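A short write-up of the structure that comes next.
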Amino acid sequence: MSVGPFDALIDHFTGKQARLPCIWKENCSIQFISVDAKGTVAQCDCWVTSYPEYFFGNIFHDADLTRMLKTSRARRDFVERPKRLVEDEDCLSCRYLSICHGGCPVRTYSALGTMMAKDPYCEVYKAVFACAEAHAGAILRFRAAPIVALRRRHQPVLRE
Ligand code: SF4
Ligand code: SF4
Numbered sequence: 018m019s020v021g022p023f024d025a026l027i028d029h030f031t032g033k034q035a036r037l038p039c040i041w042k043e044n045c046s047i048q049f050i051s052v053d054a055k056g057t058v059a060q061c062d063c064w065v066t067s068y069p070e071y072f073f074g075n076i077f078h079d080a081d082l083t084r085m086l087k088t089s090r091a092r093r094d095f096v097e098r099p100k101r102l103v104e105d106e107d108c109l110s111c112r113y114l115s116i117c118h119g120g121c122p123v124r125t126y127s128a129l130g131t132m133m134a135k136d137p138y139c140e141v142y143k144a145v146f147a148c149a150e151a152h153a154g155a156i157l158r159f160r161a162a163p164i165v166a167l168r169r170r171h172q173p174v175l176r177e
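The sequence shown lines up with residues 18 to 177 when you count with my numbering.
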């Protein structure tokens, strides 16, 4: 049985390759976009269905998608968000910055009216990360236990 995203967090904290959800990716704007049936281009389904002020453009009006993404004023906010969070929020001193990156832009925008702030679920994330980290530590100690026991058993021999 797999319970996402907790399994992915355990993978991350045990040093495995982790399939983390987009909210904890380095920057979702460099990974994918969403295009609806009318050709509207936006960051993801949340933006394309709810926030016209953050549409990047329309592929039926501008067939050059690369140029659209490069010149979109709306998309620039997504690209610049991680830098702004490090400058303006306390994310830089957070031990979980390398996994969280300030969280989800759309959650932030829908709650605060701006995406240039850390995710309002910050404290929840910290608690979830801490819990996953503690479990991952227990798993690693359990896995290492036979090796530690073996080392202890052979220590006197090695000292001779
Ligand atoms: S805005 Fe949030 S939900 Fe949408 S792609 Fe980015 S991280 Fe994912
Ligand atoms: S957990 Fe909170 S402080 Fe830490 S990186 Fe995420 S949003 Fe920033």
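Glycine included, every Cβ here is placed at the ideal spot set by N, Cα and C.
From a predicted model like this one, the values you see are computed outputs, not experimental measurements.
For residue i, the first and last residue of its enclosing alpha helix (DSSP H)
| i | result |
| --- | --- |
| threonine 83 | 82 to 88 |
| isoleucine 12 | Look at the range of the chain in this structure, 18 to 177, and you will see that residue 12 is not part of it. |
| tyrosine 126 | 122 to 129 |
| serine 115 | 114 to 117 |
| aspartate 24 | 23 to 30 |
Residue i - DSSP class collapsed to helix/strand/coil
| i | result |
| --- | --- |
| valine 58 | strand |
| glycine 74 | strand |
| aspartate 136 | coil |
| glutamine 172 | helix |
| serine 142 | A small fix is needed here, since residue 142 is tyrosine in this sequence, not serine. Note: tyrosine 142 maps to helix in three-state DSSP. |
Supposed contact pair residue j and residue i - C-beta distance, whole angstroms, cut 8 Å
| i | j | result |
| --- | --- | --- |
| alanine 149 | phenylalanine 23 | 6 Å |
| alanine 91 | phenylalanine 72 | 6 Å |
| isoleucine 156 | isoleucine 27 | 7 Å |
| glutamate 106 | lysine 143 | Actually they do not touch by this definition, with Cβ atoms about 13 Å apart. |
| alanine 59 | serine 51 | 5 Å |
| tyrosine 138 | arginine 124 | 6 Å |
Neighbour-count burial assignment, residue i, 16 or more Cβ in a 10 Å radius
| i | result |
| --- | --- |
| aspartate 62 | exposed |
| proline 171 | One detail in the question is off: residue 171 reads as histidine in this sequence, not proline. Flag for histidine 171 reads exposed. |
| phenylalanine 95 | buried |
| phenylalanine 146 | buried |
| leucine 129 | exposed |
| glycine 32 | exposed |
| phenylalanine 30 | buried |
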